[in-house]
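Structure, as structure tokens:
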Amino acid sequence: MRSDGSALNARRWWRSAGFAWEGLRHAYRSQANFRIEVWAGVLALTVTILLRAPLAPIALACALVLALELVNTALEAVVDLASPELHPLAKVAKDAAAGAVLVASAGALAVGVAVLMPPIWNWLGSR
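Each residue of the sequence shown is one higher than the one before, counting from 1 in full-length UniProt numbering.
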């Protein structure tokens, strides 16, 4: 072990990564929308690779949607913990977070159309 504490930092990183994976597993198991978005992303990335289209915009759009869905899930859990009873502000928080996911999803769809339509048209035209 180096004297700068790098082994300790590596252990902390792996521990943090384990917590992050637990969050991903929880979201996948408990959130139907997250599962749908994961598989929509897999489909979009597969089509992108098969069409040899630019991968980065599609990957970033998918990552943004999934990240916001995770934030939405976390926010819903915190709101439920803080306000077990129905409260108008709790509804605003949950609705706004869901709206962020919707905006990101619409943006991802627009990116998908912009990036994938030209190669799809080329592929259809070559048939």
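Beta carbons: idealized from backbone N, C-alpha and C, even for Gly.
Considering only C-alpha positions, which residue in the set the options is nearest to residue i?
i	options	result
L102	I58, E22, N72	N72
G112	L50, L24, A59	A59
L75	R11, L66, L50, A90	A90
Whole angstroms are fine: how far does the CA of residue j sit from the CA of residue i?
i	j	result
G125	P118	10 Å
H26	A77	12 Å
Y28	W21	10 Å
G107	T48	17 Å
L8	R35	35 Å
M1	F19	Interpretation of M1 is limited by its pLDDT of 46, a score under 50 that renders its predicted location unreliable; the figure taken from the coordinates is listed afterwards. So the alpha carbons of these two residues sit roughly 24 Å apart.
S83	W121	51 Å
V38	L68	12 Å
My output table needs one value for residue i: the three-state DSSP class, helix, strand or coil.
i	result
R12	helix
L45	helix
I52	In the sequence as presented, Ile is not what sits at residue 52; that position holds Arg. Coil at R52, not helix or strand.
S83	coil
R29	helix
Using a 10 Å radius around the Cβ and a threshold of 16 neighbouring Cβ atoms, would you call residue i buried or exposed?
i	result
L43	exposed
L81	exposed
On the premise that residue j lies in contact with residue i, defined as a C-beta separation below 8 Å, what is that separation, rounded to the nearest angstrom?
i	j	result
V115	A53	5 Å
A96	L64	Not confirmed; about 17 Å, so no contact.
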